[in-house]
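In this note's numbering, the protein residues as written are 6 to 236. Virtual Cβ for every residue (Gly too), placed ideally from N, Cα, C. Reviewing the structure listed below.
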């Protein structure tokens, strides 16, 4: 085996360093799916918005292509009143094989008040529906409705009997409100008695998040990690 040159040693060093950074980045995407941008910036990365504006162009050019979509647009534009039929049109459109996402997304970004009323109507009549809670969280990105988000997510978590679904709801609740400074896990923990299944799940999620935070803030020691990987 030939002796390594300075260039090959430097190349090995850069390769291992990139692997270490890659490990950190993968860890952030795994543990912080909804606030990965902030965590990436903590590592020294800079975030830039997409300059192409592809979504904006799609939304600006989006037109209703069927009667269901025409009904929704008429409702968003105050030409129809909220009804069960309108709500069903919304859910059917989202479940369609080829939904007109740009058309609907445009109303979210405009913080359309009729769209918000539709989501609240759905959650009042079908409490705890994860798809509607996710849509309400998305709406929150364009209009601050934190108190509504807390109210509906909290009720969904309290009412949910399936523990796997409860765990997913709690995670969604946390990530949807964390950037606003709301500590959903700690708020939920106070609602459940010690030693109950839901309390144990919340305590596990808190411990998991605290460990992820500890690792995220841990400085990267390139030299030590490279020695470890080399062995």
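Checklist line | Contiguous alpha helix (DSSP H) assignments of at least 4 residues, all confined to the stretch 171–233 | finding: Fully enclosed alpha helix (DSSP H) runs of 4 or longer: 189–194 and 202–222.
Notebook entry, point to check: Quick one: what does DSSP say residue 120 is sitting in, helix, strand or coil?
Noted result: DSSP places residue 120 in helix when its eight states are reduced to three.
Next item on the list: Pick helix, strand or coil for residue 67, following the three-state DSSP scheme.
Entry: DSSP, read as helix, strand or coil, puts residue 67 in coil.
Notebook entry, point to check: Per the contact definition of three or more C-beta pairs closer than 8 Å, is the stretch 176–185 in contact with the stretch 139–157?
Noted result: Output reads yes: the stretch 176–185 touches the stretch 139–157.
Margin query: Spatial neighbours of residue 63 within its chain, please: C-beta separation below 7 Å, excluding the five flanking residues on both sides.
Written below: Its chain contains 107 as the residues whose beta carbon lies nearer than 7 Å to that of residue 63, once the 5 sequence neighbours on both sides are disregarded; these appear in chain order.
Check: When you compare only the Cα positions, how much space is there between residue 65 and residue 185?
Finding: C-alpha separation (whole angstroms): 29 Å.
Next item on the list: Report the three-state DSSP secondary structure of residue 88 (helix, strand or coil).
Entry: Note: residue 88 maps to coil in three-state DSSP.
Note to self: I'd like the list of long-range same chain contacts for residue 182, defined as Cβ closer than 7 Å, with 5 residues on each side in sequence excluded.
What the structure shows: Counting only Cβ-Cβ distances below 7 Å, and skipping sequence neighbours, we find 151, 154, 155 and 189.
Notebook entry, point to check: Could you check where the alpha helix (DSSP H) with residue 75 kicks off and where it finishes?
Noted result: Looking at the DSSP string, the run of the alpha helix (DSSP H) that includes residue 75 is 72–81.
Check: Closest by CA to residue 87, which one among 127, 99 and 112?
Finding: Checked all of 127, 99 and 112; the closest Cα to residue 87 is 127.
Next item on the list: State the Cα-Cα distance for the pair residue 168 and residue 203, rounded to the nearest angstrom.
Entry: Annotation: residue 168 to residue 203 spans about 7 Å, alpha carbon to alpha carbon.
Item checked: Euclidean distance between Cα positions of residue 104 and residue 163 -> Cα to Cα, the separation comes out at about 32 Å.
Note to self: Using a 10 Å radius around the Cβ and a threshold of 16 neighbouring Cβ atoms, would you call residue 98 buried or exposed?
What the structure shows: Answer is buried; the Cβ neighbour count reaches 16.
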